[in-house]
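Trainee:
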Amino acid sequence: MSAIVFLSISTSAFASEENYEEAAKQLQQRLGKVLMSTIQKDGHVAAISVCNEQAPEIASAVSDELNLSVGRTSLKVRNPQNEPTKKQEQVLKEFERLWNKTKENVPTQRYTNEEGQTVWMKAIVMQPQCAACHGSSIEPELRKVITDKYPNDKATGFEVGKIRGAFLVRSKN
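Under our numbering, the letters of the sequence shown match residues 11 to 183, in that order.
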């Protein structure tokens with residue numbers, strides 16, 4: 011029994027780059043699918059509750075399935091629970107610098123945090139479908155719903171094709 015527990019911890023602590031990439035991909039695909047479906051069916055206002063209520067549930071499900079902790083962060087967050095650490099801020103700024111310089115490969119970085127967890131980050135590039143809620147021109151009705159749910163919202167003013175934030179994948183140890 012202890013060997014199984016050890017192997018589980020070991021697998022999580024030393025997950026491969028592909029494991030981290032898969033976790034970010036799963037979160038992006040699942041959340042994107044629900045968001046796009048909601049937007050097409052009920053509009054952008056309804057999609058706000060997807061990010062508010064379902065995004066954490068989707069991240070939790072992916073985390074449990076892959077034995078990793080999966081989430082998102084940004085230099086300008088909507089949800090204060092996604093606020094970056096100092097190290098994550100540094101990585102996000104480096105992502106912006108790298109992306110603005112080359113725009114060839116979406117930047118990733120892996121490091122060990124203060125708790126000894128492996129942390130893997132992958133930049134999120136702003137897509138056109140994100141602009142309605144995260145861009146510079148947000149419709150007044152949508153702006154009101156966002157402000158009601160997130161009074162301290164900072165996650166606006168992003169430009170399509172620029173770095174909007176990062177997927178954050180941590181080992182569970």
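Just so you know, even glycine gets a beta-carbon here, dropped at the ideal spot from N, CA and C.
1) Counting Cβ pairs closer than 8 Å, one from the segment 28-36 and one from the segment 163-180, do we hit at least three?
2) Checking the sheet assignment: what are the DSSP bridge partners for Y121?
3) Go ahead and pull the three-state DSSP assignment for V155.
4) On the three-pair Cβ rule with 8 Å, is the segment 73-93 touching the segment 158-168?
5) Taking contact to mean at least 3 C-beta pairs separated by less than 8 Å, is the segment 50-65 in contact with the segment 137-149?
6) Where does P138 land, buried or exposed, given buried means 16+ other C-beta within 10 angstroms?
7) Give the straight-line distance between the Cα atoms of Q127 and V80, rounded to the nearest whole angstrom.
8) Ordered along the chain, which non-local residues of its own chain (more than five positions away) have a Cβ less than 7 Å from that of S73?
9) Could you check where the alpha helix (DSSP H) with G42 kicks off and where it finishes?
Mentor: So, to answer that:
1) Contact holds: three or more Cβ-Cβ distances are below 8 Å.
2) DSSP output for Y121 lists V129 as bridge partner(s).
3) If DSSP states are grouped into helix, strand and coil, V155 belongs with the helices.
4) Contact holds: three or more Cβ-Cβ distances are below 8 Å.
5) Yes, since at least three Cβ pairs between the segment 50-65 and the segment 137-149 fall closer than 8 Å, the two stretches touch.
6) Taking every protein chain shown into account, the CB of P138 has fewer than 16 other CB atoms within 10 angstroms, so this residue is exposed.
7) Their backbone Cα atoms lie some 13 Å apart in a straight line.
8) Counting only Cβ-Cβ distances below 7 Å, and skipping sequence neighbours, we find S79, V80.
9) Segment 27-52, the alpha helix (DSSP H) holding G42.
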